[in-house]
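So the sequence shown is numbered by the working numbering: it starts at 5 and just counts up by one.
Glycine included, each C-beta is placed from N, C-alpha and C at the ideal position.
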Amino acid sequence: MIVARRVAAAILLCLLVAGCDAIDRAAAEEYETAMKRWNEGDYQGAVKLYITLARNHPFSPYADNALYWAGLTRFLYLGETDKGLRTLQRLVKKYPRRDMTPAAQYQIAQIYELGYGDHERAIEEYGKAAGYTNREIREKSLYSLGDNLFRIGKVAEANDAWLRQTSEFPNGPQAALGLFRLGTTAFARGTLEEAEAYYRRSLGKDPDAELVVKTKFALANCLEAGENLQEALDLYREIEPAYPNPEAIRIKITALETRIKKKSY
């Protein structure tokens with residue numbers, strides 16, 4: 005009798021495992037089909053398949069990925085902001101510990117910021133995203149948290165967020181941008197040496213070409229304000245070919261050349 009029960013239990017376990025494998029294979033195939041539709045530009049069709057997968061296979065390892073891509077696609081490609089938000093919120097609520105949850109929370113914050121222009125709510129949501137251990141999401145969220153705080157006039161709190169970001173991720177992808185923003189707030193406070201130090205640190209992070217020009221222009225402004233006129237002039241001349249407003253920087257250069265000549269008399 006005991007042997008029979010053990011055999012029956014073993015058979016049942018095998019059936020369950022086989023059934024789970026079959027379900028996982030089905031979910032994997034549906035996910036691949038949805039991704040193929042997405043890559044072909046059939047965003048509506050892809051979203052329908054993603055949602056169907058998440059509904060029919062809620063315990064599948066593909067379910068959170070499906071909801072993430074459905075929500076993101078609705079927001080970015082279909083203009084369905086409300087539906088995109090609800091889809092991502094569903095993911096965060098239903099799968100709080102899945103791999104895609106931090107990214108979904110970050111996108112929720114992005115929707116409040118970029119989709120609705122609700123900076124107060126975006127701050128709340130970026131704060132949640134920054135609480136995850138995912139380093140990429142945490143760094144991006146801390147930077148965006150600072151940016152939204154700055155936009156509503158909470159400059160000191162924005163500064164704190166960027167300090168946290170650049171301290172925790174000194175070599176992260178957002179480090180140069182965070183240091184640039186810290187330099188900007190320091191310059192606004194009139195602490196020129198601090199601003200200069202942040203701008204130079206930002207340039208030391210090998211930022212992209214556009215940020216290099218912006219940072220060197222800001223550094224030149226800082227040097228000019230501190231009466232380091234020749235170094236400021238050299239920087240203005242260096243970035244002149246790449247500066248997006250050629251007339252404005254030529255005026256800047258001419259005015260500074262005049263100041264230097266007058267100072268030498």
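Of the residues assessed, Ile156 falls on the exposed side of the cut-off, its CB having fewer than 16 other CB atoms within 10 angstroms. For a cut-off of 8 Å, the C-beta gap from Phe63 to Gly119 is around 30 Å, too long to register as a contact.
DSSP, reduced to helix, strand and coil, places Ile156 outside both helices and strands of the structure shown, so it counts as coil. Per DSSP, the continuous alpha helix (DSSP H) segment holding Leu233 begins and ends at Leu233 to Ile243. In the pairwise beta carbon analysis, the stretch 229–237 is classified as touching the stretch 257–264: at least three pairs are separated by under 8 Å. Membership of Gly49 in the alpha helix (DSSP H) is indicated by the continuous run Tyr47 to Asn60. Using a 10 angstroms sphere on the CB of Gln48, the tally of other CB atoms stays under 16, which defines it as exposed. Note on geometry: alpha-carbon atoms of Lys220 and Gly187 lie some 11 Å from one another.
Contact between the stretch 52–71 and the stretch 89–107 is established, with three or more Cβ pairs separated by less than 8 Å. In the structure shown, Thr258 falls within a helical segment according to DSSP collapsed to helix, strand and coil.
For Gly119, no alpha helix (DSSP H) segment is defined, and its DSSP state is neither H nor E. In this structure, Arg168 lies away from Leu183, with their beta-carbon atoms at least 7 Å apart.
Excluding sequence positions up to five before and after Leu92, its CB lies within less than 6 Å of the CB of Gly75, Ala108, Gln111 and Ile112, all in the same chain and listed in chain order. Collapsing the DSSP output to three states places Glu44 in coil.
DSSP places Pro106 in the uninterrupted alpha helix (DSSP H) bounded by Thr105 to Gln114.
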